[in-house]
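Colleague:
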Ligand SMILES: NC(=O)c1ccc[n+]([C@@H]2O[C@H](COP(=O)([O-])OP(=O)(O)OC[C@H]3O[C@@H](n4cnc5c(N)ncnc54)[C@H](OP(=O)(O)O)[C@@H]3O)[C@@H](O)[C@H]2O)c1
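In our numbering, the protein residues as written are 1 to 206.
1. Who are the near neighbours of residue 202 in its chain, counting only those whose CB is closer than 8 Å to its CB and skipping five residues on each side?
2. Count the other CB atoms within 10 Å of the CB of residue 71; is the residue buried (16 or more) or exposed (fewer)?
3. Measuring from the CB of residue 12, is there a heavy atom of ligand 1 at a distance below 7 Å?
4. Could you name the residues of the same chain whose beta carbon sits closer than 6 Å to that of residue 83, not counting the 5 residues immediately before and after it, in chain order?
5. Output the residue ranges of the beta strand (DSSP E) runs that lie fully inside the region 17-61 and measure 3 residues or longer, sorted by chain position.
6. For residue 114, name the three-state secondary structure that DSSP assigns.
7. Determine the extent of the beta strand (DSSP E) in which residue 78 is found, giving its start and end residues.
8. For the beta strand (DSSP E) that residue 167 lies in, which residues bound it at each end?
9. How about residue 90 and residue 123: are their beta carbons less than 8 Å apart?
10. For residue 87, which three-state DSSP category applies?
11. So, residue 199 versus residue 130, is the Cβ gap smaller than 8 Å?
12. Excluding the five sequence neighbours on either side, which residues of its own chain have a C-beta within less than 8 Å of the C-beta of residue 189, listed in chain order?
13. By DSSP's criteria, residue 140 is part of a beta bridge. Which residues make up the other side?
14. Compute the Euclidean distance between the alpha carbons of residue 76 and residue 193, then round it to the nearest angstrom.
15. Determine the burial state of residue 32: buried for a count of at least 16 other Cβ atoms within 10 Å of its Cβ, exposed for fewer.
16. Would you call the CB atoms of residue 98 and residue 185 closer than 8 Å?
17. Please state whether DSSP places residue 14 in a helix, a strand or coil.
18. Nearest by alpha-carbon distance to residue 40: which of 56, 62, 105 and 5 is it?
19. With a Cβ-Cβ cutoff of 8 Å, do residue 93 and residue 177 count as a contact?
20. I need the straight-line Cα distance from residue 151 to residue 110, nearest angstrom please.
21. Could you check which residue in 36, 179 and 141 has the C-alpha nearest to that of residue 163?
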């Protein structure tokens, strides 16, 4: 399967590392083609560079404010695809709240913006880039919490995560992204207290 990652930054590197580890192809799209080229070289032969989105799954590895612009720019290419929203819309001035209005989430906003028929899945917002590159945290598998309204789309993202050596957990419908984004905020906010340098991971056991 080919996965397009828009944004060749920290999470582009992290998710790209897991995708190629699972034997899947990565297509990198960044506003700075040199960043895509450098990351593709780092990720190896399964990674390519592009200016447009061609993958069955498209990960928007972008800051919250850039997601809207990227969807507008790649609108035609996104139609009918699985779009993965990984955003943590953190209010960095306080690190106490998210910046999305009550009663919605970044992922639900993304779902409103993409063309009809495009399936939006929330995933990877609770895993830090550093741990994705390493493929583990404290010697244990990473867990990818996945929310979405389309079961087949969630299963595709789960299969990608599992192929990359992670454990996928379906946590319910897309509106649950509101909670996942709070979990993402919580995980960021406790880093200083833990002294873990963004190398910790959220884990569910039952
Ligand atoms: N870092 C983490 O551990 C982590 C964990 C979970 C979730 N997240 C979420 O993941 C998202 C990405 O975070 P990150 O840490 O990977 O950010 P980042 O390192 O800043 O990477 C973002 C990349 O996207 C590029 N970019 C920005 N706008 C673009 C556009 N319109 N079209 C194409 N490329 C564009 C940036 O280019 P420039 O360098 O030119 O700006 C940069 O290369 C954020 O929403 C964050 O909340 C991050």
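Here a beta-carbon is modelled for each residue, glycine too, at the ideal position from N, C-alpha and C.
Modeller: Answer, in terms of the structure:
1. Locating residue 202 in the chain shown gives position 202, counting from the first residue. Cβ neighbours of residue 202 beyond the five flanking positions: 126, 127, 143, 145, 183 and 187.
2. As a working note, residue 71 is residue 71 in the chain shown. By the 10 Å Cβ count, residue 71 comes out buried.
3. Locating residue 12 in the chain shown gives position 12, counting from the first residue. Checking every heavy atom of ligand 1 against the Cβ of residue 12, one is found closer than 7 Å.
4. Against the chain shown, residue 83 aligns to sequence position 83. 58, 114, 118 and 120.
5. 25-29, 47-49 and 57-60
6. Against the chain shown, residue 114 aligns to sequence position 114. Of the three classes helix, strand and coil, the one that applies to residue 114 here is coil, per DSSP.
7. Numbered from its first residue, the chain shown carries residue 78 at position 78. Counting along the chain, residue 78 falls outside any beta strand (DSSP E), though it belongs to the alpha helix (DSSP H) covering 75-78.
8. Residue mapping note: residue 167 aligns to position 167 of the chain shown, counting from 1. From DSSP, the beta strand (DSSP E) with residue 167 extends over 167-172.
9. If you number the chain shown from 1, residue 90 lands on position 90. If you number the chain shown from 1, residue 123 lands on position 123. Taking 8 Å as the Cβ cut-off, residue 90 and residue 123 do not qualify as a contacting pair.
10. Here the question's residue 87 lines up with position 87 in the chain shown. Residue 87 falls in the coil class under three-state DSSP.
11. Along the chain shown, one-based indexing puts residue 199 at 199. Along the chain shown, one-based indexing puts residue 130 at 130. Yes.
12. Taking the first residue of the chain shown as position 1, residue 189 is located at position 189. Closer than 8 Å at Cβ, skipping near neighbours: 95 and 96.
13. By one-based count along the chain shown, residue 140 stands at place 140. Its beta-bridge partners are 137.
14. Here residue 76 corresponds to residue number 76 of the chain shown, with the count starting at 1. Here residue 193 corresponds to residue number 193 of the chain shown, with the count starting at 1. Whole-angstrom Cα-Cα distance: 44 Å.
15. Counting from one through the chain shown, the residue named residue 32 turns up at place 32. Result: exposed.
16. Within the chain shown, numbered from 1, the residue matching residue 98 stands at position 98. Within the chain shown, numbered from 1, the residue matching residue 185 stands at position 185. Yes, the pair counts as a contact, with Cβ atoms nearer than the cut-off.
17. Here the question's residue 14 lines up with position 14 in the chain shown. Helix, per DSSP.
18. Your numbering for residue 40 matches position 40 in the chain shown. The residue with the shortest Cα to Cα distance from residue 40 is 5.
19. Start at 1 with the first residue of the chain shown, and residue 93 comes out as number 93. Start at 1 with the first residue of the chain shown, and residue 177 comes out as number 177. Contact: no.
20. To locate residue 151, count along the chain shown from 1; it is residue 151. To locate residue 110, count along the chain shown from 1; it is residue 110. Approximately 18 Å, taken between the alpha carbons.
21. Here residue 163 is taken as the residue at index 163 of the chain shown, counted from 1. When only C-alpha atoms are compared, the closest one is 141.
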